[in-house]
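Down below is the structure, laid out as structure tokens.
Residue numbers (the working numbering), protein chains in the order written: chain A, 6 to 422; chain B, 6 to 422.
In structure tokens, the structure reads:
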């Protein structure tokens with residue numbers, strides 16, 4: 006067996022065997038196969054696809070490339086969620102305390118953000134004192150005692166994915182359903198969950214442009230999960246617009262807390278609905294309760310304040326200061342006004358994401374430092390009627406806000422007469 | 006413009022522009038684009054193909070990546086030939102003196118061999134004293150005075166091809182018709198010829214397995230040639246069997262000289278026919294004479310000994326010793342015998358090529374040194390009746406001939422009852 010034979014097979018649309026897939030993942034992770042050979046293989050996979058079996062063995066080999074977290078000492082059915090990512094997506098901050106408040110253990114590992122996609126870890130670290138680096142004992146004890154812990158991924162979680170993703174990013178091979186599915190599922194399964202709810206975004210601002218593609222990705226991930234003995238359900242949602250109102254690290258933590266406290270003035274219905282759906286699916290697969298019961302149970306735990314209580318508990322037990330969770334003054338701020346009157350047809354999530362990165366809320370490279378208080382507060386949302394000159398967004402930053410950034414923020418709002 | 010956008014376009018089956026193709030060839034030749042990006046692009050080209058226009062611009066950009074040889078100070082229509090390569094292919098040694106003897110200038114640049122494919126330069130250098138490194142003046146003077154010169158390719162001829170070929174070789178992207186066509190045509194055109202005869206091999210021992218593929222390659226190369234103002238004709242021939250009887254450097258020079266001297270005892274009809282076809286096509290495109298007249302003219306110049314005279318002249322003017330052209334004793338030799346009686350259905354060119362490399366006649370890596378006198382002399386050819394124990398080949402080498410080599414040589418002969 007050698008890598009050229011494996012490339013030739015995939016190029017000629019033949020199915021790779023479990024051994025062949027294990028071989029190239031193992032050797033590539035150990036730096037024994039050159040990048041230029043793997044990038045050719047990735048392109049052949051991108052164009053010719055993979056069978057369900059190939060995608061399963063790819064995921065399995067990727068899981069085995071590094072540490073696999075053992076959560077067996079945590080009682081109960083551990084449930085996790087994954088989102089394919091989006092601008093203003095603070096769903097994890099809302100749903101994990103809801104589920105924990107219902108007594109279902111949440112052992113959550115999250116990543117840092119890169120580019121326009123924010124990371125849960127960055128958002129939580131914006132709260133004064135909050136620690137995301139927990140020891141294994143601390144993590145497991147917290148889940149057993151409080152039903153919740155959120156920590157950064159260990160460095161050696163699916164190292165094959167780190168290498169493959171970096172290569173895909175610069176070789177035009179990101180948009181491959183089997184490669185995306187294996188990347189997501191290998192990390193979720195290596196993180197030890199028994200059940201996973203997948204939040205798959207589709208739309209022009211997401212990797213999956215159409216509902217059909219999103220459905221195929223969801224089905225592929227569910228099939229991998231089932232083969233590895235995990236309960237997996239997927240929810241497909243629109244990602245043409247940012248979720249909620251806030252885009253920025255601390256701003257999103259504030260929005261999540263406001264939502265859980267029942268104050269809808271600083272958040273938006275779309276975020277509430279998304280969080281209720283995801284958390285009810287998590288509750289459903291963890292308990293086997295019906296869809297209807299799960300939905301009403303989730304709504305109840307928000308309304309009776311128990312989810313908010315759990316949220317504050319999470320912040321406190323991991324060293325965070327709850328009194329720090331409020332919007333901060335920044336050195337600079339700008340109001341964005343509607344350039345014409347009409348109905349906001351769409352808020353371009355991609356442009357809003359780019360604006361938030363430019364303001365300091367996101368990383369351009371892994372080494373960038375974040376301005377936790379920077380971000381975009383949307384006022385206008387899709388469907389809203391506005392008059393020319395109405396404030397539709399506010400920008401916050403601790404560095405000067407250039408004309409280019411303001412222009413881009415204005416362009417994000419598509420207002421039709 | 007950046008390389009990722011170019012990869013994405015080709016991946017999505019969009020046509021690359023002349024500028025985009027020029028960009029990646031220029032930057033890659035200058036080591037400003039990484040191998041892993043170009044290998045992904047090459048795989049996308051291999052799977053999705055290229056339009057005629059793309060293949061043309063690729064060839065043009067490759068030509069412009071290095072030196073272009075100016076043969077304008079040579080009088081007359083300069084004609085060249087190219088073979089997609091084969092085992093025992095000594096056609097160049099035979100046809101170039103035929104054409105030169107007919108007064109058509111032959112300014113021939115050739116390469117060294119690698120693997121089972123021999124190189125004209127290696128074969129000529131096996132003759133004592135023969136020099137293939139000529140100065141430009143010497144080369145041009147020889148062609149003007151004697152109508153013939155054969156020299157090694159300059160180091161800076163199509164450097165883009167050298168880099169691309171090395172990468173294709175290890176990334177499963179060799180068997181792409183546009184990439185093969187651009188590689189061959191860029192070198193031929195950069196070498197300065199006005200007209201090119203293409204000898205395209207097909208069969209299990211060649212890159213092109215079927216006649217249809219060979220035809221597509223031939224048409225692609227002809228189309229490139231026409232767009233660059235060159236006369237191009239292609240001849241498609243079978244390559245399931247080695248050409249002629251001798252496989253090995255000095256042995257092939259001897260066979261070529263015997264053929265030109267009219268002695269058919271040490272050569273085979275298939276080589277004679279191939280050489281007559283190729284040289285008549287070369288004569289036809291150089292002079293505009295009819296097919297029939299070209300064929301009879303070529304046969305005549307062999308029969309009247311003028312082609313042999315020109316062959317000896319070529320050897321002499323480039324410093325070679327004609328009296329050195331005869332089969333040499335080697336330290337070791339082995340007779341290969343028919344393992345059963347019957348008809349030789351096929352002589353496997355690939356296996357014979359591997360045997361000759363193992364005997365020392367070919368290079369495994371660029372650094373290998375050659376045993377000029379080593380090689381395989383076929384006795385049996387396809388179609389021949391043999392009895393068990395009949396000698397069907399002789400192996401020559403200056404290193405010990407192992408049992409493995411003998412076994413492989415036996416296996417090369419497919420003998421059916």
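All residues carry an ideal CB built from backbone N, CA and C; glycine is no exception.
Computed from a prediction, not measured in an experiment: that's the story for all the values here.
Requested in this report: Note the first and the last residue of the continuous beta strand (DSSP E) segment covering residue 342(A).
Outcome: Numbered from 1 along the first chain, position 337 holds the residue referred to as residue 342(A). First-last of the beta strand (DSSP E) with residue 342(A): 337–342.
Query - Under 7 Å from the C-beta of residue 6(A): neighbouring residues of chain B - result: Here residue 6(A) is taken as the residue at index 1 of the first chain, counted from 1. In chain order: nothing, as chain B lies at least about 14 Å away.
Query raised in the report: Hey, out of 212(B), 247(B), 201(B) and 249(B), whose CA is closest to residue 226(B)'s CA?
Result: What you label residue 226(B) is simply residue 221 of the second chain in a count that begins at 1. Comparing Cα positions, the closest option is 201(B).
Query raised in the report: Are the Cβ atoms of residue 176(A) and residue 12(B) separated by less than 8 Å?
Result: For the purposes of this step, residue 176(A) is taken as residue 171 along the first chain, with counting starting at 1. For the purposes of this step, residue 12(B) is taken as residue 7 along the second chain, with counting starting at 1. Going by C-beta atoms, residue 176(A) is nearer than 8 Å to residue 12(B).
Query raised in the report: Measuring CA to CA, which of 99(A), 146(A) and 254(A) is closest to residue 127(A)?
Result: Position 122 of the first chain, counting from 1, holds the residue named residue 127(A). The option with the nearest alpha carbon to residue 127(A) is 254(A).
Query raised in the report: Tell me, which residues are paired with residue 242(B) by DSSP?
Result: Sequence index remark: in the second chain, residue 242(B) carries index 237 (1-based). 206(B), per the DSSP bridge assignment.
Requested in this report: Could you say if the segment 136–147 of chain B and the segment 92–104 of chain B meet the contact criterion of at least three C-beta pairs nearer than 8 Å?
Outcome: no
**Report entry** Continuous alpha helix (DSSP H) stretch holding residue 154(B): start and end
**Finding:** What you label residue 154(B) is simply residue 149 of the second chain in a count that begins at 1. Taken as a continuous stretch (DSSP letters only), residue 154(B) belongs to no alpha helix (DSSP H), being part of the beta strand (DSSP E) at 153–157.
Query raised in the report: With a cut-off of 8 Å, do at least 3 Cβ pairs link the segment 182–194 of chain B to the segment 81–93 of chain B?
Result: yes
Report task. Determine the DSSP secondary structure at residue 218(A), reduced to helix, strand or coil. Result -> Here residue 218(A) refers to the residue found at position 213 of the first chain. Three-state DSSP puts residue 218(A) in a helix.
Report task. Using a cut-off of 9 Å between C-beta atoms, extract the partners of residue 55(B) located in chain A. Result -> Your numbering for residue 55(B) matches position 50 in the second chain. Within chain A, no residue comes near residue 55(B); the closest Cβ sits about 14 Å away, beyond 9 Å.
Requested in this report: With DSSP collapsed to three states, give me the class of residue 170(A).
Outcome: Residue 170(A) sits at position 165 when you count from the first residue of the first chain. Three-state result, residue 170(A): helix.
Query raised in the report: Taking the DSSP output, what are the residues bridged to residue 383(A)?
Result: The sequence position of residue 383(A) within the first chain is 378, counting from 1. According to DSSP, which records beta bridges pairwise, residue 383(A) is partnered with 398(A).
Query raised in the report: Would you say residue 296(B) faces chain A, with C-beta separation under 8 Å as the test?
Result: Within the second chain, residue 296(B) is the residue found at index 291, counting from 1. Not one chain A Cβ lies under 8 Å of residue 296(B).
Report task. Could you round the C-beta distance between residue 184(A) and residue 237(A) to whole angstroms and report it? I think they count as a contact, below 8 Å. Result -> Within the first chain, numbered from 1, the residue matching residue 184(A) stands at position 179. Within the first chain, numbered from 1, the residue matching residue 237(A) stands at position 232. Residue 184(A) to residue 237(A), Cβ: 18 Å. No contact.
Query raised in the report: From this set, 41(A), 163(A) and 230(A), which residue's C-alpha is nearest residue 173(B)'s C-alpha?
Result: Numbered from 1 along the second chain, position 168 holds the residue referred to as residue 173(B). The candidate whose alpha carbon is nearest that of residue 173(B) is 41(A).
Query raised in the report: Going along chain B, which residues have a C-beta under 8 Å from residue 321(A)?
Result: Numbered from 1 along the first chain, position 316 holds the residue referred to as residue 321(A). Result: empty, since nearest Cβ-Cβ is about 45 Å, beyond 8 Å.
Requested in this report: Find the residues of chain A that neighbour residue 13(B), judging by a C-beta separation of less than 7 Å, and give them in chain order.
Outcome: In the second chain, residue 13(B) corresponds to position 8, counting from 1. Near residue 13(B) (Cβ distances below 7 Å), the residues of chain A are 177.
Report task. Could you tell me the boundaries of the alpha helix (DSSP H) in which residue 420(A) lies? Result -> As a first step, residue 420(A) is located in the first chain; it is residue number 415 there, counting from the start. For residue 420(A), there is no enclosing alpha helix (DSSP H); the enclosing beta strand (DSSP E) has its first and last residue at 418–421.
**Report entry** Buried or exposed (CB count within 10 angstroms, at least 16 for buried), residue 64(B)
**Finding:** Along the second chain, read from residue 1 onward, the residue named residue 64(B) stands at position 59. It counts as buried.
Query raised in the report: Taking the DSSP output, what are the residues bridged to residue 4(B)?
Result: Because chain B in this structure spans residues 6 to 422, residue 4(B) falls outside the shown range and cannot be described.
Query raised in the report: So, does the CB of residue 22(B) fall closer than 8 Å to a CB anywhere in chain A?
Result: On the second chain, position 17 is the one that residue 22(B) refers to. Not an interface residue.
Query raised in the report: Using the C-alpha atoms, what's the distance from residue 280(B) back to residue 296(B)?
Result: As a position in the second chain, residue 296(B) is number 291, starting the count at 1. As a position in the second chain, residue 280(B) is number 275, starting the count at 1. Looking at the two C-alpha atoms, the distance is approximately 15 Å.
Requested in this report: Apply the 10 Å Cβ neighbour rule to residue 178(A) and answer buried if 16 or more other Cβ atoms are within range, or exposed otherwise.
Outcome: One-based indexing of the first chain puts residue 178(A) at position 173. Looking at its Cβ environment, which holds 16 or more other Cβ atoms inside 10 Å, residue 178(A) is buried.
Query raised in the report: Thinking C-beta only, is residue 333(A) closer than 8 Å to residue 378(A)?
Result: For this step, residue 378(A) is matched to residue 373 along the first chain. For this step, residue 333(A) is matched to residue 328 along the first chain. A contact, by the Cβ cut-off of 8 Å.
Query raised in the report: In this structure, does DSSP put residue 44(B) in helix, strand or coil?
Result: The residue given as residue 44(B) occupies position 39 in the second chain. Looking at residue 44(B) - three-state DSSP - the assignment turns out to be helix.
Query raised in the report: Quick one, which of 305(B), 355(B), 312(B) and 383(B) has its alpha-carbon nearest residue 342(B)'s?
Result: Numbered from 1 along the second chain, position 337 holds the residue referred to as residue 342(B). Cα-wise, what sits closest to residue 342(B) is 383(B).
Query raised in the report: For the alpha helix (DSSP H) that residue 85(A) lies in, which residues bound it at each end?
Result: By one-based count along the first chain, residue 85(A) stands at place 80. Unbroken run through residue 85(A) is the beta strand (DSSP E), 84–88; no alpha helix (DSSP H).
Report task. Below 8 Å on the Cβ atoms is my guess for residue 265(B) versus residue 276(B); work out the distance and round it to an integer in Å. Result -> The count along the second chain starts at 1 and reaches residue 265(B) at position 260. The count along the second chain starts at 1 and reaches residue 276(B) at position 271. In fact, because the Cβ distance is near 11 Å, the residues do not count as touching under 8 Å.
Query raised in the report: With a Cβ-Cβ cutoff of 8 Å, do residue 388(B) and residue 244(B) count as a contact?
Result: For the purposes of this step, residue 388(B) is identified with residue 383 of the second chain, where counting begins at 1. For the purposes of this step, residue 244(B) is identified with residue 239 of the second chain, where counting begins at 1. In terms of Cβ geometry, residue 388(B) and residue 244(B) do not form a close pair [threshold 8 Å].
Query raised in the report: Which bits of chain A does residue 41(B) rub up against, with CB to CB less than 9 Å?
Result: To locate residue 41(B), count along the second chain from 1; it is residue 36. 39, 40, 41, 42, 43, 44, 45, 172, 175 and 176, listed in chain order.
Requested in this report: Spell out a yes or no on whether the segment 348–358 of chain B and the segment 295–310 of chain B are touching, meaning 3 or more CB-CB pairs, one atom from each, closer than 8 Å.
Outcome: no
**Report entry** Own chain residues within Cβ distance below 8 Å of residue 50(A), not counting five before or after
**Finding:** Numbered from its first residue, the first chain carries residue 50(A) at position 45. The residues are 15, 178, 181, 183 and 184.
Report task. Tell me whether residue 56(A) is buried or exposed, calling it buried when 16 or more other Cβ atoms sit within 10 Å of its Cβ. Result -> As a working note, residue 56(A) is residue 51 in the first chain. Exposed, since its Cβ has fewer than 16 Cβ neighbours within 10 Å.
Query raised in the report: So, is the C-beta of residue 213(A) closer than 8 Å to a C-beta in chain B?
Result: Counted from its first residue, the first chain places residue 213(A) at position 208. Not an interface residue.
Query raised in the report: Straight-line CA distance for residue 47(B) to residue 168(A)?
Result: Indexing the second chain from 1 puts residue 47(B) at position 42. Indexing the first chain from 1 puts residue 168(A) at position 163. C-alpha separation (whole angstroms): 21 Å.
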